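This report concerns only the one structure given below.
Residue numbers (our numbering), protein chains in the order written: chain H, 423 to 847; chain S, 423 to 847.
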């Protein structure tokens, strides 16, 4: 039985208790949210080594770090290092997006080593295995795709991205739309091209029931991918994006009925003024299913700094109700992130999630800021460093230029406002 | 005559023509905005070497970089380096906040070398000169403060921060408020402490007319400082902050009547949910005067990353109508920023301003993103690098891991969505 099926039978699963306890929530409320599909605990029944983690309404905003090899860069050791750096910096989940080297092996290593839920995008591997055989990926057999998904389930993957909303109808709308940047999702592009060349419907849409069966077998959460997400501000919130979202909402409903947990993925590149309506619309159209956004990136012109553009968009998206933020690293749009990129990306995303949690009124969020404010008032530098989101970085910067008066810092010196007004205010 | 007085006489000053041309605005519209105090062109009549720069309603969002020495770090050469790095990275103005070494000399050097408007906070120097004489800064004579302000005007400073809203009334409200972090503005703390110890009213409030006379003499713009800005989320949008803002609105009106250009300064530390009302309230209470915000920082817990917390707050503040963003560097709350911090701070702030300009519909803003989107569609890497907010950084990251196929990048390789779907979409 899946987690939802157990809840439907009246059970209060241990996973739910643990998540409720970790988040300081009422167990019954959380149980109801999972039953209604407004929160999920993504955990493959074979992946019992991880702590249960909740994502959704009323819970702390979670963040994901994408790791994994590419055709140009394969180093299992480096990927494991990325995993540990990501988790240490605060990633709540990781996705192994490996597309280079022995993909099965890397995935197994990551699942084995990860203390947090692991996600994948099986179509990458399915397409690559076809091309490695010297065939074109458009010759991929539907069976090969489903077989890859099963393999991921067997290995213990907790959630998979499946681009079920790239349908003949949404591609027709894409064509009518006349987008600037077309499709920027890899899974979306592979699916669309396959459909174009074969003339068939998307098998993950057409045979969604088969997908649900596999998901049920492993109690794997489906993350319904937005293969038609906008890849630039000019394409934001257009008709084909919303067509796909409507379909994802329908599929989310169906999955829930079948007892499969679902997350819905969202943009992407959005002007800051589009964020609120994108979040509200997803909640309206997808029965309040957890919303997993990539960024959103609020400008296209900042490669090298897309962890910042994503932090701006992610903070705002979270404040409006997005539940799960996929990090973006400084190397986005330029190459495969390295270990240091992973760290920078996770921290920027953590900041956005925390800012959102303050807006959402999540228990404990504002208290951290209050503790920091009190440490500042007390000119207690040890506490300020300890309470920082990245204590090591705070310490390094402070130690780089130590003040002659240990109570203040090298910016204000004797003009320290807090010190000046301490006696009277 | 000041710029406003010239406009009132029916003149269309050359500065206004230049700014209108640079921003692609109608000259008469801009003239009316300056007359109404909704836009300013901060330029000391002695500082004719700079290009006129407009700040306010309907104009591109501007950003300021704070530079200057501190008691613990004095190096004129380094400050000039910070100036050139800030300007190269896109700072629209700089403020010399020097508090160490020969302050007059550093200021003169910066004003001489700067191609952009220069601001200062004269009370820092006034207080320090008193303490350098072995006296306590609370023994500062009102004359000494006004004399310092005049000296800055004579040197050609284009805009000065004056904390005129720290009044006996606002301090009384501060006391009733019971803030967590009291006063975090240096100018605010100095003023409050001076008032506390002398029992007098703030001379810059009580003798605002005298301040206006000095400002008129040099056609220096007044930036009405928010000495009582919140220094932590818990203190945001409280009664003493708003009391001060009301006073600043009254003073802004008076200054405008006297033909002196005015900017109003704002927070500071704010939860993301407070940003909209802070911006709207300032516009309501201050006759639409340009709003100059420091950040806002949307969490207290990210020292080392406050350029990111400020970019989140600044982008949103700008989108709601803030006109002028003061940058924040990664070293904020920890020490005096170095040259590299200045660069990081300016770029993060530029990103925020650009994101805001897209929201505001500023001419040319969205076009930059569109050009980038087209370069991505064309897999034109030279153009992508050229169109980046920081081309050098983009190039470095790209060259750090060159792909085997020059058309794509090392993240996606043969799975490049744009390349895959190029033939059909």
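Virtual Cβ for every residue (Gly too), placed ideally from N, Cα, C. The model shown is predicted, which means the values in this text are computed figures rather than measured ones.
Just the chain H side, please: which residues come within less than 9 Å of residue 752 of chain S by C-beta, in chain order? Stepping through the second chain from its first residue, residue 752 of chain S is reached at position 330. Simply 815, 819.
With a threshold of 8 Å between beta carbons, is residue 654 of chain H in contact with chain S? Indexing the first chain from 1 puts residue 654 of chain H at position 232. Interface residue, yes.
Given a cut-off of 8 Å on the beta-carbon distance, is the pair residue 848 of chain S and residue 606 of chain H in contact? Since the first residue shown for chain S is 423 and the last is 847, residue 848 of chain S is missing from the structure and cannot be characterised.
Identify every run of the beta strand (DSSP E) within the region 452 to 498 of chain H, keeping only runs that are complete inside it and at least 3 residues long; order them along the chain. At a cut-off of 3 residues, the continuous stretches assigned as beta strand (DSSP E) that sit fully inside the region 452 to 498 of chain H are 484 to 489.
Quick one: Cα of residue 617 of chain H to Cα of residue 563 of chain H, how far? The residue given as residue 617 of chain H occupies position 195 in the first chain. The residue given as residue 563 of chain H occupies position 141 in the first chain. When rounded, the distance between both Cα atoms is 12 Å.
Can you give me, in chain order, the residues of the region 461 to 485 of chain S that have a beta carbon less than 7 Å from any beta carbon in chain H? none
Where does residue 716 of chain H sit, in a helix, a strand or coil, going by DSSP? In the first chain, the residue the question calls residue 716 of chain H occupies position 294. Collapsing the DSSP output to three states places residue 716 of chain H in a strand.
Of the choices S/726, S/579, S/680, S/813, whose alpha-carbon is the least far from that of residue 806 of chain H? What you label residue 806 of chain H is simply residue 384 of the first chain in a count that begins at 1. The candidate whose alpha carbon is nearest that of residue 806 of chain H is S/726.
Who are residue 687 of chain S's beta bridge partners in DSSP? Locating residue 687 of chain S in the second chain gives position 265, where the first residue counts as 1. BP columns for residue 687 of chain S point to S/714.
Need the endpoints of the beta strand (DSSP E) that residue 748 of chain H sits in, please. Counted from its first residue, the first chain places residue 748 of chain H at position 326. Its beta strand (DSSP E) spans residues 746 to 748.
Are the C-beta of residue 589 of chain H and some C-beta of chain S separated by less than 8 Å? Residue numbering aside, residue 589 of chain H sits at position 167 when the first chain is read from its first letter. No, because no Cβ of chain S sits closer than 8 Å to the Cβ of residue 589 of chain H.
Looking at the C-beta of residue 848 of chain H, does it have a partner C-beta in chain S at a distance below 8 Å? For residue 848 of chain H there is no data in the structure shown, the boundaries of chain H being 423 and 847.
Could you compute how far the alpha carbon of residue 595 of chain H sits from the alpha carbon of residue 661 of chain H? In the first chain, the residue the question calls residue 595 of chain H occupies position 173. In the first chain, the residue the question calls residue 661 of chain H occupies position 239. Each residue's Cα considered, the two are about 7 Å apart.
With a threshold of 8 Å, are at least 3 pairs of Cβ atoms found where one atom belongs to the region 639 to 650 of chain S and the other to the region 665 to 678 of chain S? For the pair of segments examined, the region 639 to 650 of chain S was found to touch the region 665 to 678 of chain S: the number of CB pairs separated by less than 8 Å reaches three.
Enclosing beta strand (DSSP E) for residue 540 of chain H [first to last residue]: In the first chain, residue 540 of chain H corresponds to position 118, counting from 1. It spans 540 to 542 - the beta strand (DSSP E) in which residue 540 of chain H sits, taken as one unbroken run.
What in chain H is Cβ-close to residue 780 of chain S, meaning under 9 Å? Start at 1 with the first residue of the second chain, and residue 780 of chain S comes out as number 358. Annotation: Cβ neighbours of residue 780 of chain S in chain H (cutoff 9 Å, chain order): 655, 693, 694, 695, 720, 721.
Do residue 736 of chain H and residue 767 of chain H have their beta-carbon atoms positioned less than 8 Å apart in this structure? Sequence index remark: in the first chain, residue 767 of chain H carries index 345 (1-based). Sequence index remark: in the first chain, residue 736 of chain H carries index 314 (1-based). In this structure, residue 736 of chain H does not lie closer than 8 Å to residue 767 of chain H by Cβ.
Of all the CB atoms in chain H, is at least one closer than 8 Å to the CB of residue 799 of chain S? Here residue 799 of chain S refers to the residue found at position 377 of the second chain. When Cβ-Cβ separations below 8 Å define contact, residue 799 of chain S makes contact with chain H.
Assigned exposure category for residue 453 of chain S - 16 Cβ within 10 Å defines buried: Numbered from 1 along the second chain, position 31 holds the residue referred to as residue 453 of chain S. So residue 453 of chain S ends up on the buried side.
Within 8 Å, do at least three Cβ pairs link the region 424 to 435 of chain S to the region 545 to 563 of chain S? no
Should the region 768 to 776 of chain S be regarded as contacting the region 480 to 492 of chain S, the criterion being three or more beta carbon pairs within less than 8 Å? In short, these stretches touch, since the Cβ pair count reaches three.
Does any C-beta atom of chain S lie closer than 8 Å to the C-beta of residue 663 of chain H? Position 241 of the first chain, counted from the first residue, corresponds to residue 663 of chain H. It does not; no Cβ of chain S falls within 8 Å.
Just the C-alpha distance for residue 712 of chain S and residue 842 of chain H, rounded to the nearest angstrom, thanks. The count along the second chain starts at 1 and reaches residue 712 of chain S at position 290. The count along the first chain starts at 1 and reaches residue 842 of chain H at position 420. Taking the straight line joining both Cα atoms gives about 30 Å.
Close-in-space but distant-in-sequence residues of the same chain around residue 692 of chain S (CB under 8 Å, 5 per side omitted): Translated into positions along the second chain, residue 692 of chain S becomes position 270. These residues qualify, in order along the chain: 652, 655, 658, 659, 700, 717, 718, 719, 720, 735.
Considering only the beta carbon of each residue, do residue 741 of chain S and residue 780 of chain H sit closer than 8 Å? Taking the first residue of the second chain as position 1, residue 741 of chain S is located at position 319. Taking the first residue of the first chain as position 1, residue 780 of chain H is located at position 358. No.
Just how far apart, CA to CA, sit residue 745 of chain H and residue 783 of chain H? Mapped onto the first chain, residue 745 of chain H falls at position 323. Mapped onto the first chain, residue 783 of chain H falls at position 361. Whole-angstrom Cα-Cα distance: 13 Å.
Provide the residue(s) that pair with residue 646 of chain S in DSSP beta bridges, ordered along the chain. The count along the second chain starts at 1 and reaches residue 646 of chain S at position 224. BP columns for residue 646 of chain S point to S/584, S/686.
Just checking, does the region 454 to 469 of chain H make contact with the region 790 to 804 of chain H on the three C-beta pairs under 8 Å criterion? no
Near-chain S residues of the region 824 to 845 of chain H (beta-carbon distance less than 7 Å), N- to C-terminal order: 825, 826, 831, 832, 833, 834, 835, 836, 837, 839, 840, 842, 843
In angstroms, rounded to a whole number, what distance separates the CA positions of residue 590 of chain S and residue 612 of chain S? On the second chain, position 168 is the one that residue 590 of chain S refers to. On the second chain, position 190 is the one that residue 612 of chain S refers to. In a straight line, the C-alpha of residue 590 of chain S is about 14 Å away from that of residue 612 of chain S.
Contact with chain H by residue 607 of chain S, beta-carbon distance below 8 Å: Translated into the one-based positions of the second chain, residue 607 of chain S becomes position 185. Answer yes: the Cβ-Cβ gap between residue 607 of chain S and chain H drops below 8 Å somewhere.
Along the beta strand (DSSP E) that carries residue 613 of chain S, what are the first and last residues, could you check? For this step, residue 613 of chain S is matched to residue 191 along the second chain. Taken as a continuous stretch (DSSP letters only), residue 613 of chain S belongs to no beta strand (DSSP E), being part of the alpha helix (DSSP H) at 608 to 620.
Output needed for residue 677 of chain H: all residues of its chain with C-beta closer than 7 Å, excluding positions within five of it in sequence on either side, in chain order. Here residue 677 of chain H refers to the residue found at position 255 when the first chain is read from its first residue. Result list for residue 677 of chain H: 634, 644, 684, in chain order.
Find the residues of chain S that neighbour residue 786 of chain H, judging by a C-beta separation of less than 7 Å, and give them in chain order. Here the question's residue 786 of chain H lines up with position 364 in the first chain. The contacting residues do not exist; residue 786 of chain H stays about 12 Å from chain S at best.
Just to confirm before moving on: does the CB-CB distance between residue 641 of chain H and residue 470 of chain H stay below 8 Å? On the first chain, residue 641 of chain H is found 219 positions in, with the first residue counted as 1. On the first chain, residue 470 of chain H is found 48 positions in, with the first residue counted as 1. No, Cβ-Cβ distance for residue 641 of chain H and residue 470 of chain H is not below 8 Å.
Decide if residue 537 of chain H is buried, meaning its Cβ has at least 16 other Cβ atoms within 10 Å, or exposed. Residue numbering aside, residue 537 of chain H sits at position 115 when the first chain is read from its first letter. Residue 537 of chain H should be labelled exposed.
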